[in-house]
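Heads up: the sequence shown begins at 32 in my numbering, then just goes up one per residue.
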Amino acid sequence: MVDVIPAILVKSREEFESRIASIRPAAKTLHIDIMDGKFVPNATLQPKDMPPTGKFAVEYHLMVQNPLEYVKMIGRKDATYEIHVEALSDIDGAISQIRKMGAKIILAISPDTPAEKIMPYLKKIDGVLVMFVYPGFSGQKYISAMEEKVRAIRKAAPKLRIEIDGGVGLQNAKSAVGAGASVLNVASAIFAAKNPIAAIEEIKKEAGA
Ligand code: DX5
Ligand code: ZN
32 MVDVIPAILV KSREEFESRI ASIRPAAKTL HIDIMDGKFV PNATLQPKDM
82 PPTGKFAVEY HLMVQNPLEY VKMIGRKDAT YEIHVEALSD IDGAISQIRK
132 MGAKIILAIS PDTPAEKIMP YLKKIDGVLV MFVYPGFSGQ KYISAMEEKV
182 RAIRKAAPKL RIEIDGGVGL QNAKSAVGAG ASVLNVASAI FAAKNPIAAI
232 EEIKKEAGA
């Protein structure tokens, strides 16, 4: 089963609310981008200022220097935390801390981080997030060479949740899924479209979801 998840990268509460309202019936899960202006050269709306997410399942993509502090700050055990290995000195420690709170953990890798870095953890985590752009901004170009990484991870873990993020849209959904991606996180191709709900449905169809 493939899923297409809207990625919410915003700087204000109003924008957050209007994006959610524009896709509400077409999505069950939200990918919420959080940046601190340090781990990446951009900052987003911070967790304390975010409106409630209601019935949506939520995945917090933490592009911050101290992801575990953000996990504590958010404090939701019904969430999935997507943590960059580049921001961790103790990957096993992070996995057990999040497990202990009863939440889910996905390890994220930026384009320069090889798949090997997360291979030892595949059995201990709920999924991986392979970045197809350098984290920081929406609207960047899909780096198709990252499909090789997805392929390698899929080979090692046939059933794992493999998410991809960055530059995903109609033009590459099929090849991403062919490489082994099971979740496509998408911002521009949904929110820059005239009809975001129709855009989600089209990408899903293209992805074979
Ligand atoms: C990039 C973010 C992505 C981004 C996706 O740093 O993590 O989730 O919002 O945006 P698009 O789909 O426009 O590349
Ligand atoms: Zn993201």
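For glycine and all other residues, C-beta sits at the position ideal for the given N, C-alpha and C.
None of the values given here were measured: they were computed from a predicted structure.
Buried is the label assigned to G211, since at least 16 other Cβ atoms lie within 10 Å of its Cβ. When secondary structure is reduced to three states using DSSP, P98 falls in the helix class. Straight-line spacing of the CA atoms in Q128 and S219 works out to 33 Å.
DSSP lists V217 as the beta-bridge partner residues of P37. Short note on L61: C-beta not closer than 8 Å to any heavy atom of the ligand ZN. With 16 or more other CB atoms across the displayed protein chains lying within 10 angstroms of its CB, D64 is buried.
Close CB contacts of F163 within its chain, under the 6 Å cut and outside five residues either way in sequence, are with Y173, I174, M177, I195, G197, G198 (chain order). Residue pairing from DSSP places I137 in a beta bridge opposite E113, G158.
Contact annotation: F70 and V41 have beta-carbon atoms that are not nearer than 9 Å. M104 and G239 have their C-alpha atoms roughly 37 Å apart. One alpha carbon belongs to N216, the other to A38, and they sit about 6 Å apart. Within its own chain, the residues whose Cβ lies closer than 7 Å to the Cβ of V102, once the five positions on either side in sequence are excluded, are Y112, I129, listed in chain order.
Taking every protein chain shown into account, the CB of N226 has fewer than 16 other CB atoms within 10 angstroms, so this residue is exposed. Annotation: M150 to L191 spans about 12 Å, alpha carbon to alpha carbon. P142 is positioned such that its CB atom lies closer than 9 Å to that of Y165. Distance from the Cα of P189 is smallest, within the candidate group F87, G158, G200, for G158. For E194, the uninterrupted beta strand (DSSP E) segment begins and ends at 193 to 196. The three-state secondary structure of Y91, taken from DSSP, is strand. By the criterion of a C-beta distance shorter than 7 Å, D67 is surrounded in its chain by A74, V95, Q96, once the five residues flanking it on both sides are discounted. L61 has V89 as its beta-bridge partners, per DSSP. Membership of E233 in the alpha helix (DSSP H) is indicated by the continuous run 227 to 238. Within 10 angstroms of the beta-carbon of K180 lie 16 or more other beta-carbons, which makes it buried.
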